[in-house]
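Asks: First, the structure itself, so that you have it in front of you.
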Amino acid sequence: MMSSEVFVPGWLQQLLVVLLRFALSCAAPVNLTNGAECILVFTGHWSPQTFPKQYPLFRPPAQWSKLMAVTHNEQYRLWQEGAPASDGMKSFAEQGLTVDLVKDAKEARKRRAVGSMYRTAGIPSGFGHSSTELLLTPRSPLLSLIVKVIPSPDWFVGVDSLNLCEGGQWKQEVTFDLHPFDAGTDSGFTFSSPNFPTTPPENITMITSQKPNHPANSFYYPRLTELPPLATIWVKRQGRTQNRVSNHILPDTTKPHRFSETPLDCEVSMWSSWGLCLRPCSRGGLRHRTRYILLKPANSGTPCPELEEQEECTPHNCLAYQ
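Take the sequence shown: its letters are residues -27 to -1, 1 to 295, numbered as in mature numbering (1 follows the signal peptide of the UniProt record, and there is no 0).
Here it is as structure tokens:
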């Protein structure tokens, strides 16, 4: 009498398991098995029309540092708003140096927290593009990047842990506006401020149209509810063999947005002290005081008021003639 059981050799069982796993992997969502090739485009919108206050024209003129981007998972942070800047972040925000940041990222890559690092050349003006190709993997679906504002004390723009995977699939296209951040390591108020270390260091904070709330700040625009974007990043997934975007020939979708001009009101100094009256009061003597322009208006901002004022002399400030 024959047994109803069928004998299956061990090697055949292992082969069936391998084939089953392969079939399941092919049916899985794209981000679980495959990486994604993308192009990352950084666009600077820093211009005298959108940011006229103290716009740097020379020594050095407005420009952007090299871009540093890192793909990673939740176990790594290049930078974080509300947290202190690392030593590497301090060096980058103040001097544009990436040595320490690269070293930290390489250590994190040994722990499999970082996938890849990318750097692009700087942009020699406030308005322009830089780009690089990214390779995203299931183990590192997050994107962080930084670009220093030059010149500035310790200001930069960036992205912190932007997730490029949604619903189990890679996003096809992402556009993200960038605003200025203060690294909290230098206390300068203007683009060309000398190095003045913040002691003790403060946390990384976003710079807004009214924060820091000081008229000397280069981004202080009290008439605006929010600053226009200082820059933008655009990430687009590319096919392996077609519809690829060249790093040098950018599509129309990456052209800078047209932002309205930012009005800049005139700012003047305090009045000087009244001068002495040079004639006796009885002869219609007058005294004068002056003030000077601190900041010229731009983009239809409020014009400057009178810079000189006069009034009749009073007896207590008249010169006595013998």
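Where is the CB? At the ideal position from N, CA and C, for every residue including glycine. What you are looking at is a predicted structure, and each value in this text was computed from that prediction instead of being measured.
(1) Measure how close the beta-carbons of G17 and I96 come, nearest whole angstrom, since I'm counting them as under 8 Å.
(2) For A(-5) and A9, I'd like the C-alpha separation in whole angstroms.
(3) How would you call A56, buried or exposed, if buried means at least 16 neighbouring beta carbons within 10 angstroms?
(4) Hey, which unbroken runs of the beta strand (DSSP E) at 3 residues or more fall wholly within the region 62 to 150?
(5) So W207 is in the beta strand (DSSP E); what residue range does that whole segment cover?
(6) Would you identify the three-state DSSP class for D60, choosing helix, strand or coil?
(7) What is the DSSP secondary structure of R262, counted as helix, strand or coil?
(8) If you count every other CB in all the chains shown that lies within 10 Å of the CB of H187, and 16 or more means buried, which is it?
(9) For the candidate residues R210, G157 and T235, whose alpha-carbon lies nearest to that of K144?
(10) Considering only the alpha carbon of each residue, which of E282, D155, R85 and E285 lies closest to T171?
(11) Starting from I12 and walking both ways along the beta strand (DSSP E), at which residues does that stretch end?
(12) Please classify T275 as buried or exposed, where buried requires at least 16 neighbouring CB atoms within 10 angstroms.
(13) For E146, I'd like the list of residues in its chain whose CB is within less than 6 Å of its CB, leaving aside the five on either flank, ordered along the chain.
(14) Does the beta-carbon of A66 have 16 or more other beta-carbons within 10 angstroms, so that it is buried, or is it exposed?
(15) Beta carbon of L200, beta carbon of H152: below 8 Å?
(16) Do you know whose CA, among G161, E139 and G141, lies nearest D127's CA?
(17) Per DSSP, what kind of secondary structure is H187 in: helix, strand or coil?
(18) Give the DSSP-derived three-state secondary structure of E281 in the structure shown.
(19) One question on the structure: do P185 and P29 come within less than 8 Å of each other, judged by their Cβ atoms?
Replies: The relevant details are as follows:
(1) Yes, G17 and I96 are in contact; Cβ-Cβ is about 6 Å, under 8 Å.
(2) Its pLDDT being 45, under 50, A(-5) is placed unreliably in this model, and the coordinates cannot settle the point.
(3) Classification for A56: exposed.
(4) The qualifying runs are 87 to 93, 100 to 109, 115 to 123 and 128 to 136.
(5) Counting along the chain, W207 sits inside the beta strand (DSSP E) bounded by residues A204 to Q211.
(6) DSSP places D60 in the helix class (H, G or I) of the three-state scheme.
(7) Correct three-state label for R262: strand.
(8) Flag for H187 reads exposed.
(9) Checked all of R210, G157 and T235; the closest Cα to K144 is R210.
(10) In terms of Cα proximity to T171, the closest of E282, D155, R85 and E285 is D155.
(11) In the DSSP assignment, I12 falls within the beta strand (DSSP E) that extends over A9 to H18.
(12) So T275 counts as exposed.
(13) Counting only Cβ-Cβ distances below 6 Å, and skipping sequence neighbours, we find K209.
(14) Classification for A66: buried.
(15) Contact: yes.
(16) When G161, E139 and G141 are compared, the shortest CA-CA separation from D127 is found for G161.
(17) Coil, per DSSP.
(18) E281 falls in the strand class under three-state DSSP.
(19) Between P185 and P29, the CB-CB gap reaches or exceeds 8 Å.
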